[in-house]
Amino acid sequence: MVQTALPSFTLQDSGKVARSFPTGRYALLCFVKEDCPTCGLSMPLIEAAHRTYGDKLDVWAIGQDAEGNALLESRFNLSLPVLDDSALRVSYAYDLDTVPTIFLADGSGNAVRQFVGFGRQDWRELFEAVSALTGITAPAIDWDELPESWPGCGSKSVEPGIAERLAAESSGSPLRARRIEIAEADDPFEFMFDQGLTDGLPVIPPTPERVLRMLGGTRRDPQQMVALVPPNMGPATVEKIAINAVMAGCKPEYLPVVIAAVEAICTEEFNIHGVLATTFFPGPVIIVNGPIRHRIGMNAGINVLGQGNRANATIGRAVQLVVRNVGGGRPGEVDRAALGQPGKYTMCFPENEERSNWEPLHVERGFQRKESTVTVFAGGAPTGFTDQLSRGAESLARSFAGVLAAVAHPKQYNYGEIVVVVSPEHVDTFAKDGWSKPQVRAAIQQATMRPVRELMQTAECAEGIPPAVAERM
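In the numbering used here, the protein residues as written are 2 to 474.
Put into structure tokens, the structure is as follows:
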């Protein structure tokens, strides 16, 4: 058998005596837990090994719970040392997924034999091997009374939540962000408020295990640089984005969308610095297309722009937290919005591609329908639109035009681009008359045309085109 070097460790037994491995002589390491029937089946054999071979090699039971260790010692009248691995660091270092796991190691700490669960033949061969090493006759065991095999139980070190904590604590953890320790008496939620790390609503404390779990949502290296986030040009690594995604309440499967959105808003084309610095209303509006909408459970139906869906709500929030915590874009500082708007908490939604007869947004922009994409837009608060009476495309387009002409101000025709979210009922109205998206856009443009004189400044309304400018148009 190829020898494998086992991790060294020091643990205390029930008498508070420190036991260190390697021991300088052969050792039998038996990882067990009290509530595992297979461990209970193995304990008499482990004790027999200690009583028989204990003068020539160390036989240790390594338990995963201090209280359970005491029960094992009492139930089986154990004389062998039972070591306390309640912290589970040794179990994690040994990469256990099942108990009992048995290792026979030489004096240098190399595994020369190991097995998992209960196997009658495994134990017989182990005793034969130890007898050959020590020259001591194997203990008398009624092997016929024991089952041929019995499956083990899950190690506590792989239980949900514990595995992530152990991974975060290990020396091989991929996390590099600075850790902040808070006093046990402090409320972590209030601490996050006090440090200015929230958007005004409570955030989830980004513990190492939560961040590691979040990083499981992407194949990217945690230290890969995604973007420099304005205004302070803070470096946003995958890890830092994951931290803010945890704080926002995201699931790991949302992380690729959050990363893509952060990457998009930090481009020169989007100009998040300018979006922050304006006294106007905009914030990132995130539109998701493609199969990922369904994979992560986004809501594209009723109340699509409202509350109630975790993916819609937390993806946009995570992006805003990255801007705040990594980029330094805080209200009252570089963020100069005079009034702001609720969408600056979060504004993220998917297109209901299946409900529309039109090409989805991402297909219009050159992607394949099967590809998943994120589109970002610097948008203000939604403007409501109501038309319950139009039964034809022409009338409905004119209704849209009437509302769109007054966005921001009826005389501001250079305000910028507008995203129009069309409800299923109105999609059906356009579809009934066979109108395409370009036709709807053209009809809205035509219906919103105004003569310059209607857009000029007047004594009654100071807003508009100055007369001197109008004369040159």
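From the three backbone atoms N, C-alpha and C, an ideal C-beta is built for every residue, glycine too. Here the structure is a predicted model, which is why all the values come from computation and not from measurement.
Point to revise | Buried or exposed by the 16-neighbour rule on C-beta atoms within 10 Å, applied to Leu30 | key: Position 29 of the sequence shown, counted from the first residue, corresponds to residue 30. It is buried - the Cβ of Leu30 has at least 16 other Cβ atoms within 10 Å.
Practice item. Quick one: which unbroken beta strand (DSSP E) runs of 3-plus residues sit fully inside the segment 107 to 176? Chain order, please. Key: Taking only runs of at least 3 residues, the beta strand (DSSP E) segments lying wholly in the segment 107 to 176 are 111 to 117.
Review point. What's the gap between the Cα of Val239 and the Cα of Arg221?
Key: Numbered from 1 along the sequence shown, position 238 holds the residue referred to as residue 239. Numbered from 1 along the sequence shown, position 220 holds the residue referred to as residue 221. Rounded to whole angstroms, Val239 to Arg221 spans 7 Å at the Cα level.
Review point. What number of angstroms, rounded off, separates the C-alpha of Ser15 from the C-alpha of Met234?
Key: Walking along the sequence shown from the start, residue 15 turns up at place 14. Walking along the sequence shown from the start, residue 234 turns up at place 233. Rounded to whole angstroms, Ser15 to Met234 spans 54 Å at the Cα level.
Check your understanding: Is DSSP giving Phe194 helix, strand or coil here?
Key -> Within the sequence shown, numbered from 1, the residue matching residue 194 stands at position 193. If DSSP states are grouped into helix, strand and coil, Phe194 belongs with the helices.
Practice item. Entirely within the segment 273 to 297 and at least 3 residues each: give me those beta strand (DSSP E) ranges in chain order. Key: 284 to 290
Point to revise | Residue environment, Leu322, which counts as buried when at least 16 other CB atoms sit within 10 Å | key: Walking along the sequence shown from the start, residue 322 turns up at place 321. Buried, because 16 or more other Cβ atoms sit within 10 Å of the Cβ of Leu322.
Exercise for review: Determine which residues share a DSSP beta bridge with Gly64 and list them.
Suggested key: Indexing the sequence shown from 1 puts residue 64 at position 63. DSSP output for Gly64 lists Val33, Asp85 as bridge partner(s).
Exercise for review: Mind checking which residues open and close the beta strand (DSSP E) that includes Val423?
Suggested key: Taking the sequence shown and counting its residues from 1, the one referred to as residue 423 is at position 422. That residue, Val423, is in no beta strand (DSSP E); it is neither H nor E in DSSP.
Check your understanding: In whole angstroms, what separates the C-alpha of Leu198 from that of Met299?
Key -> Stepping through the sequence shown from its first residue, residue 198 is reached at position 197. Stepping through the sequence shown from its first residue, residue 299 is reached at position 298. One C-alpha to the other measures close to 26 Å.
Practice item. Check whether the segment 20 to 29 touches the segment 91 to 108, counting contact only when three or more Cβ pairs, one atom from each stretch, lie closer than 8 Å. Key: yes
Check your understanding: Ala379 lies in the beta strand (DSSP E); which residues open and close that run?
Key -> Position 378 of the sequence shown holds residue 379. 374 to 380 is the span of the beta strand (DSSP E), which, as asked, contains Ala379.
Review point. Quick one, are the C-beta atoms of Thr53 and Pro161 less than 8 Å apart?
Key: Against the sequence shown, residue 53 aligns to sequence position 52. Against the sequence shown, residue 161 aligns to sequence position 160. Going by C-beta atoms, Thr53 is not nearer than 8 Å to Pro161.
**Study point:** Host alpha helix (DSSP H) of Gly317 (start-end)
**Key:** Start at 1 with the first residue of the sequence shown, and residue 317 comes out as number 316. 311 to 326 is the span of the alpha helix (DSSP H), which, as asked, contains Gly317.
Check your understanding: Should Glu270 go down as buried or exposed, given a rule of 16 or more other Cβ atoms within 10 Å for buried?
Key -> What you label residue 270 is simply residue 269 of the sequence shown in a count that begins at 1. Exposed, since its Cβ has fewer than 16 Cβ neighbours within 10 Å.
Practice item. Classify Ala471 as helix, strand or coil using the three-state DSSP reduction. Key: Looking up residue 471 in the sequence shown gives position 470. Three-state result, Ala471: helix.
Review point. Can you tell which of Leu216, Thr374, Ser171, Ala67 has the C-alpha that lies nearest to the C-alpha of Ala1?
Key: Only positions 2 to 474 of the chain appear in the structure, and residue 1 is not among them; the question remains open.
Exercise for review: State the CB to CB distance for the pair Leu147 and Ser158, rounded to an integer number of angstroms; the pair is presumed to be in contact (CB under 8 Å).
Suggested key: Counting from one through the sequence shown, the residue named residue 147 turns up at place 146. Counting from one through the sequence shown, the residue named residue 158 turns up at place 157. The pair is not a contact, with the Cβ atoms about 27 Å apart (cut-off 8 Å).
Review point. Expressed to the nearest angstrom, what Euclidean distance is found between the alpha-carbon atoms of Cys251 and Thr268?
Key: Taking the sequence shown and counting its residues from 1, the one referred to as residue 251 is at position 250. Taking the sequence shown and counting its residues from 1, the one referred to as residue 268 is at position 267. Each residue's alpha carbon lies about 23 Å from the other.
Practice item. Return the residue from the list Asn290, Tyr346, Gly41, Ala19 that minimises the CA-CA distance to Gly367. Key: Here residue 367 is taken as the residue at index 366 of the sequence shown, counted from 1. Nearest option by C-alpha distance: Asn290.
**Study point:** For Ala409, the first and last residue of its enclosing beta strand (DSSP E)
**Key:** Stepping through the sequence shown from its first residue, residue 409 is reached at position 408. Here Ala409 belongs to no beta strand (DSSP E), and DSSP marks it neither H nor E.
Review point. What did DSSP end up calling Val91 once you bin it into helix, strand or coil?
Key: As a first step, residue 91 must be located in the sequence shown, where it is residue number 90. Three-state DSSP puts Val91 in a helix.
Review point. What's the gap between the Cα of Pro467 and the Cα of Val428?
Key: For the purposes of this step, residue 467 is taken as residue 466 along the sequence shown, with counting starting at 1. For the purposes of this step, residue 428 is taken as residue 427 along the sequence shown, with counting starting at 1. Cα-Cα distance, rounded: 39 Å.
Review point. Are three or more beta carbon pairs between the segment 178 to 194 and the segment 301 to 314 nearer than 8 Å?
Key: no
**Study point:** Helix, strand or coil at Val18 according to DSSP, with G and I counted as helix
**Key:** Within the sequence shown, the letter at position 17 stands for residue 18. For Val18, the secondary structure class from DSSP, reduced to helix, strand or coil, is coil.
Check your understanding: Assuming Phe282 and Leu340 make a contact with CB atoms under 8 Å, what is their CB distance in whole Å?
Key -> Within the sequence shown, the letter at position 281 stands for residue 282. Within the sequence shown, the letter at position 339 stands for residue 340. At roughly 7 Å, the Cβ-Cβ gap stays under 8 Å, so Phe282 and Leu340 are in contact.
Exercise for review: May I ask you to report which of helix, strand or coil DSSP gives Pro343?
Suggested key: The count along the sequence shown starts at 1 and reaches residue 343 at position 342. Three-state result, Pro343: helix.
**Study point:** Length of the line joining the Cα atoms of Pro351 and Asn313
**Key:** Locating residue 351 in the sequence shown gives position 350, counting from the first residue. Locating residue 313 in the sequence shown gives position 312, counting from the first residue. When rounded, the distance between both Cα atoms is 8 Å.
Review point. According to DSSP, what are the bridge partners of Asp336?
Key: The residue given as residue 336 occupies position 335 in the sequence shown. BP columns for Asp336 point to Pro332.
Review point. Could you give the distance in angstroms between the alpha-carbon of Gln447 and the alpha-carbon of Gly381?
Key: Within the sequence shown, numbered from 1, the residue matching residue 447 stands at position 446. Within the sequence shown, numbered from 1, the residue matching residue 381 stands at position 380. Whole-angstrom Cα-Cα distance: 24 Å.
Point to revise | Range covered by the beta strand (DSSP E) that runs through Pro351 | key: The residue you call residue 351 lines up with position 350 of the sequence shown. Start and end: 349 to 351.
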